[in-house]
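There are 2 protein chains.
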Amino acid sequence: MAAKKRQQYIIGVDLGGTNIVVGAMSADGEQHLAVRSAPTSAELGAEGVADRIVGLIEEVILDTMEIKRASRKDFLGVGIGAPGPLDRENGLVIVAPNLGWRNFPLRDRIGERLDLPATLDNDANCATVGEWWQGAARGGTNVIGMTIGTGIGGGLILDGKLFHGSSDVAGEIGHTTIDLNGRHCKCGNYGCLEAYASGPAIATRAREVLVREETASLLPSMVGGKLDSITAETVYKAAQQGDAVANEIVRDTARYLGAGIANLLNIINADVVVVAGGVTQAGDALFTPLNAEVRRRAFRRAVDSTRIVPGELPGTAGVVGAVATFKMQHLGAL
Amino acid sequence: MAAKKRQQYIIGVDLGGTNIVVGAMSADGEQHLAVRSAPTSAELGAEGVADRIVGLIEEVILDTMEIKRASRKDFLGVGIGAPGPLDRENGLVIVAPNLGWRNFPLRDRIGERLDLPATLDNDANCATVGEWWQGAARGGTNVIGMTIGTGIGGGLILDGKLFHGSSDVAGEIGHTTIDLNGRHCKCGNYGCLEAYASGPAIATRAREVLVREETASLLPSMVGGKLDSITAETVYKAAQQGDAVANEIVRDTARYLGAGIANLLNIINADVVVVAGGVTQAGDALFTPLNAEVRRRAFRRAVDSTRIVPGELPGTAGVVGAVATFKMQHLGAL
């Protein structure tokens with residue numbers, strides 16, 4: 033038998049509009065080691081945010097070296113998940129509206145500063161791969177990942193491989209039209225799923241009902257009467273307390289998501305759909321009507337061969353997936 | 033150098049609700065040889081239709097033997113394209129509403145009768161593969177194929193391979209919701225693309241306008257006043273003659289198809305979209321507003337990396353693709 037190989041490590045970076053999360057994992061994925069996070073502080077500009085990421089990575093490397101008595105050469109590299117559209121081949125963030133970036137060479141900036149190989153992939157792709165590698169979509173062959181937060185991001189595993197499409201845009205599930213003449217979306221289109229079922233859209237729909245109808249609801253009192261302070265979380269909490277308005281909003285959310293997922297099932301015929309993000313806090317109040325809506329809309333054979341599940345890695349799917357995409361891009365296999 | 037190999041042949045079968053088309057091609061795809069077709073005559077029942085297919089194949093084999101001085105052992109096998117849902121692994125047509133079939137073992141029935149290997153795939157998949165191998169989508173890596181006729185069928189080539197999904201349902205593009213509360217579709221869902229943009233849906237929308245509005249239009253006179261006789265073809269012809277109602281219907285069709293294609297581009301990020309079927313008769317009157325609608329709705333990067341083109345193999349894409357799927361399934365490569 034060969035001598036026992038030294039353990040090696042990979043760093044994962046999840047760059048969001050609000051926070052940066054950085055973690056280290058053993059290269060085999062079995063150990064989750066140090067994790068550090070910090071506010072993104074987009075106002076620092078692209079170079080400033082890159083500095084911050086490098087700083088967090090240095091801390092994570094030091095933590096890991098201490099915990100595992102590792103040396104710096106045991107680190108194989110850094111996988112970075114960032115908001116897209118991206119140019120993966122050249123390691124660029126083409127546009128990141130929440131960060132104000134344009135054509136920023138994030139991959140090489142990080143890699144050069146650390147003198148480590150680095151890879152770049154879309155944040156929603158990373159979250160999907162994380163759930164596929166170690167979370168709710170383990171064992172799936174065709175996986176649809178949806179992360180519902182400020183927006184609705186998506187990733188696709190097809191025939192056992194992360195699918196990027198022809199120019200790294202694939203999986204933009206949030207920007208599929210479910211209502212031709214519907215609500216205006218930030219992307220410019222009308223009737224996008226995101227315009228109905230993202231966190232802010234859920235809050236907006238709740239406010240609209242409260243303003244339009246003089247219905248008794250717990251919601252206003254939960255935000256001290258300031259309707260503008262209602263968030264999706266407020267709605268989930270009120271729904272759990274049996275509030276009728278909040279429950280209607282959650283049911284409608286299930287209906288919108290159900291229509292969007294039904295479309296994806298008829299197109300992709302996935303065996304797993306992972307729904308992650310704040311919306312999973314709504315629990316069965318969301319998932320029960322969501323499953324019913326999907327069954328009503330999609331082909332029976334597509335519905336019967338899938339499972340729709342909440343994410344199992346809240347907060348870490350992005351980092352785990354960033355490590356996984358580094359393995360796939362740089363080492364050629366997961 | 034090796035002795036010149038004997039030319040080999042593959043039979044392709046395109047089984048539709050109305051017609052069966054059977055053709056022979058050289059295994060390298062370079063020669064299109066005998067083609068025969070006959071009405072499907074679904075009233076014969078599954079066994080009767082299978083007999084008819086076998087009879088057509090026998091004729092095509094004899095024709096090819098005569099043309100090419102081939103012998104029976106030069107035929108490698110038969111690729112069959114049939115309406116789905118299918119169980120490819122077991123060679124079954126699970127349900128074919130237009131044929132009245134349930135769990136019919138079409139592949140083995142044909143293969144055993146001819147003593148030749150046979151494969152089965154979805155008709156819309158075959159049409160897409162046909163256009164990819166020898167038609168409008170040549171060279172594409174990620175291809176969306178749409179065939180618009182009585183229904184809207186679809187097929188997907190992803191990362192250079194025909195994509196089937198987890199239970200052979202993938203690519204059901206016609207049954208994606210574009211209007212949550214929209215028209216009822218034969219599939220049971222509401223607001224499917226097919227309910228707006230299939231041939232019969234186009235005719236229905238034209239009739240609705242004529243009944244609702246007392247607008248001057250060429251359409252009634254083109255069908256001797258019998259509005260029920262209006263078909264999609266009538267609409268395209270009237271549009272070409274400058275009829276305002278028909279042009280409105282064609283523009284609306286472009287809008288519906290544009291929304292459906294925009295959804296697919298944001299999900300799949302294809303480099304080619306092939307639109308085939310009768311609808312292509314509408315020409316630029318359709319494709320110009322369709323492209324505009326796609327550009328309005330989909331991500332710029334997805335739009336900029338694709339081309340939306342009419343099919344180049346009207347009538348034969350299904351047979352060519354059936355031959356191609358035989359090669360992929362039975363010989364392992366195209």
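From first to last, the protein sequence lines are chains A and B.
Under our numbering, the letters of the first sequence match residues 33 to 366, in that order.
Under our numbering, the letters of the second sequence match residues 33 to 366, in that order.
Backbone N, C-alpha and C define an ideal beta-carbon position, used for all residues, glycine too.
Computed from a predicted structure; not experimentally measured.
8 Å Cβ cutoff met for Val-53 (chain B) and Gly-350 (chain B): For the purposes of this step, residue 53 (chain B) is taken as the residue at position 21 of the second sequence. For the purposes of this step, residue 350 (chain B) is taken as the residue at position 318 of the second sequence. Judged by beta-carbon spacing, Gly-350 (chain B) lies within the 8 Å limit of Val-53 (chain B), meaning their Cβ atoms are closer than that value.
Residues in the stretch 190-208 of chain A having any Cβ partner in chain B nearer than 9 Å: Leu-190, Asp-191, Lys-193, Phe-195, His-196, Gly-197, Ser-198, Ser-199, Asp-200, Val-201, Ala-202, Gly-203, Glu-204, Ile-205, Gly-206, His-207, Thr-208
What residues are listed by DSSP as bridge partners for Ala-308 (chain A)? Position 276 of the first sequence, counted from the start, is the residue given in the question as residue 308 (chain A). Answer is A:Thr-179, bridged to Ala-308 (chain A).
Same chain, Cβ closer than 8 Å to Asp-200 (chain B), five either side skipped, listed in chain order: Looking up residue 200 (chain B) in the second sequence gives position 168. Here the set comprises Gly-116, Pro-117, Leu-118, Asp-119, Arg-120, Asn-154.
If we call anything under 8 Å between Cβ atoms a contact, is Ile-176 (chain A) one with Leu-194 (chain A)? Within the first sequence, the letter at position 144 stands for residue 176 (chain A). Within the first sequence, the letter at position 162 stands for residue 194 (chain A). Contact: no.
Suppose only complete runs of 4+ residues qualify. What are the alpha helix (DSSP H) ranges in the stretch 128-183 of chain A, listed by chain order? 138-146, 155-166
Let's test the definition: count the other Cβ atoms within 10 Å of the Cβ of Val-311 (chain B) and tell me whether it reaches 16, buried, or not, exposed. Indexing the second sequence from 1 puts residue 311 (chain B) at position 279. Classification of Val-311 (chain B): buried, given that the 10 Å Cβ count is 16 or more.
Using a Cβ-Cβ cut-off of 8 Å (strictly less than) and excluding sequence neighbours within five positions of Ser-337 (chain B), which residues of its own chain qualify? Mapped onto the second sequence, residue 337 (chain B) falls at position 305. Hits under 8 Å: Asn-301, Asp-303.
Near-chain A residues of the stretch 322-341 of chain B (beta-carbon distance less than 9 Å), N- to C-terminal order: Arg-328, Arg-329, Ala-330, Phe-331, Arg-332, Arg-333, Ala-334, Asp-336, Ser-337, Thr-338
DSSP three-state assignment for Ile-262 (chain B), whether helix, strand or coil: Looking up residue 262 (chain B) in the second sequence gives position 230. It is coil, neither helix nor strand.
Pro-117 (chain A): contacting residues in chain B (beta-carbon distance under 8 Å): Working through the first sequence from its first residue, we reach residue 117 (chain A) at position 85. The contacting residues are Phe-331, Arg-333.
Apart from the five residues just before and just after Pro-321 (chain B), which ones in its own chain have a Cβ nearer than 6 Å to its Cβ? Counted from its first residue, the second sequence places residue 321 (chain B) at position 289. These residues qualify, in order along the chain: Arg-283, Ala-286.
Quick one: does Asn-301 (chain A) have its CB under 8 Å from some CB of chain B? In the first sequence, counting from the first residue as 1, residue 301 (chain A) sits at position 269. It does; some Cβ of chain B falls within 8 Å.
Applying the 10 Å Cβ sphere with the 16-neighbour rule, what's the burial state of Met-33 (chain A)? Taking the first residue of the first sequence as 1, we reach residue 33 (chain A) at position 1. Residue confidence for Met-33 (chain A) is low, a pLDDT of 49 falling below 50, so the modelled location carries little weight; the figure read from the coordinates is stated next. Burial call: exposed.
So, Gly-203 (chain A) versus Glu-226 (chain A), is the Cβ gap smaller than 8 Å? The sequence position of residue 203 (chain A) within the first sequence is 171, counting from 1. The sequence position of residue 226 (chain A) within the first sequence is 194, counting from 1. Result no, Cβ atoms of Gly-203 (chain A) and Glu-226 (chain A) do not sit closer than 8 Å.
Output, in sequence order along the chain, the residues in the stretch 166-185 of chain B whose CB is closer than 7 Å to any CB in chain A. Thr-173, Asn-174
Cβ shell of Ala-74 (chain A) (< 8 Å), same chain only, five flanking positions each side left out: The residue labelled residue 74 (chain A) in the question sits at position 42 within the first sequence. Contacts found: Gly-49, Val-81, Asn-130, Leu-131, Gly-132.
Cutoff 8 Å: Ile-210 (chain B) Cβ touching any chain A Cβ: Here residue 210 (chain B) is taken as the residue at index 178 of the second sequence, counted from 1. It does: the Cβ of Ile-210 (chain B) has a partner Cβ on chain A nearer than 8 Å.
Buried or exposed by the 16-neighbour rule on C-beta atoms within 10 Å, applied to Gly-309 (chain A): Along the first sequence, one-based indexing puts residue 309 (chain A) at 277. When all chains shown are included, Gly-309 (chain A) counts as buried.
Give every residue of the same chain whose Cβ lies closer than 8 Å to the Cβ of Trp-165 (chain A), excluding the five residues on either side of it in the sequence, and list them in chain order. In the first sequence, residue 165 (chain A) corresponds to position 133, counting from 1. Taken in chain order, the residues that qualify are Gly-61, Val-352, Gly-353, Ala-356, Leu-366.
Buried or exposed: which applies to Ala-56 (chain A), given that a residue is buried once 16 or more other Cβ atoms fall within 10 Å of its Cβ? One-based indexing of the first sequence puts residue 56 (chain A) at position 24. Buried is the call here.
Within 8 Å of any Cβ in chain B, is that where the Cβ of Met-33 (chain A) sits? Locating residue 33 (chain A) in the first sequence gives position 1, counting from the first residue. Confidence at Met-33 (chain A) is low in this model, with a pLDDT of 49, below 50, so the placement of that residue should be treated as unreliable; the coordinate-derived value is given next. By this cut-off, Met-33 (chain A) is not an interface position.
Going along chain B in order, which residues have a C-beta closer than 9 Å to the C-beta of Ala-294 (chain A)? By 1-based counting over the first sequence, the position of residue 294 (chain A) is 262. His-207, Thr-208, Thr-209, Asn-221, listed in chain order.
Taking its Cβ as the centre, do 16 or more other Cβ atoms sit within 10 Å of Arg-139 (chain B), making it buried, or is it exposed? Counting from 1 along the second sequence, the entry for residue 139 (chain B) is found at position 107. With 16 or more other Cβ atoms within 10 Å, it is buried.
Could you give the distance in angstroms between the alpha-carbon of Ser-230 (chain A) and the alpha-carbon of Ala-168 (chain B)? Here residue 230 (chain A) corresponds to residue number 198 of the first sequence, with the count starting at 1. Here residue 168 (chain B) corresponds to residue number 136 of the second sequence, with the count starting at 1. Each residue's Cα considered, the two are about 38 Å apart.
Using a Cβ-Cβ cutoff of less than 6 Å, which residues in the same chain neighbour Phe-136 (chain B) once the five nearest sequence positions on both sides are dropped? Position 104 of the second sequence, counted from the first residue, corresponds to residue 136 (chain B). Hits under 6 Å: Ala-78, Val-125.
Using only alpha-carbon positions, find the residue among B:Tyr-222, B:Asn-174, B:Ala-278 that is nearest to Gly-292 (chain A). Numbered from 1 along the first sequence, position 260 holds the residue referred to as residue 292 (chain A). It is B:Tyr-222.
Where do the N-terminal and C-terminal ends of the alpha helix (DSSP H) with Asn-425 (chain A) fall, by residue? Limits of chain A in this structure are 33 at one end and 366 at the other, which puts residue 425 (chain A) out of reach.
Consult DSSP for Leu-297 (chain A) and reduce its assignment to one of helix, strand or coil. As a working mapping, residue 297 (chain A) is identified with position 265 in the first sequence. Helix.
In chain order, what residues of the stretch 137-165 of chain B put their CB closer than 9 Å to some CB of chain A? none
Distance between beta carbons of Ala-114 (chain B) and Leu-212 (chain B), contact taken as under 8 Å: Translated into the one-based positions of the second sequence, residue 212 (chain B) becomes position 180. Translated into the one-based positions of the second sequence, residue 114 (chain B) becomes position 82. So it is not a contact: roughly 32 Å between Cβ atoms.
Mapping the DSSP letters down to three states, classify Arg-38 (chain A) as helix, strand or coil. Counting from 1 along the first sequence, the entry for residue 38 (chain A) is found at position 6. Coil, per DSSP.
Since Cys-291 (chain A) meets chain B, which of its residues come closer than 7 Å, beta carbon to beta carbon? Counting from one through the first sequence, the residue named residue 291 (chain A) turns up at place 259. A small fix is needed here, since residue 291 (chain A) is Ala in this sequence, not Cys. Neighbours of Ala-291 (chain A) on chain B, chain order: Thr-209, Leu-212.
From Arg-333 (chain B) to Val-127 (chain A), what distance separates their C-alpha atoms? Walking along the second sequence from the start, residue 333 (chain B) turns up at place 301. Walking along the first sequence from the start, residue 127 (chain A) turns up at place 95. Their backbone Cα atoms lie some 11 Å apart in a straight line.
What span of residues does the alpha helix (DSSP H) with Asn-323 (chain B) cover, start to end? Taking the second sequence and counting its residues from 1, the one referred to as residue 323 (chain B) is at position 291. Note, Asn-323 (chain B): alpha helix (DSSP H), 316-329.
CB-CB length for Gly-172 (chain A) against Met-178 (chain A), believed under 8 Å: Taking the first residue of the first sequence as 1, we reach residue 172 (chain A) at position 140. Taking the first residue of the first sequence as 1, we reach residue 178 (chain A) at position 146. Actually they are not in contact, since the Cβ atoms of Gly-172 (chain A) and Met-178 (chain A) sit about 14 Å apart, beyond 8 Å.
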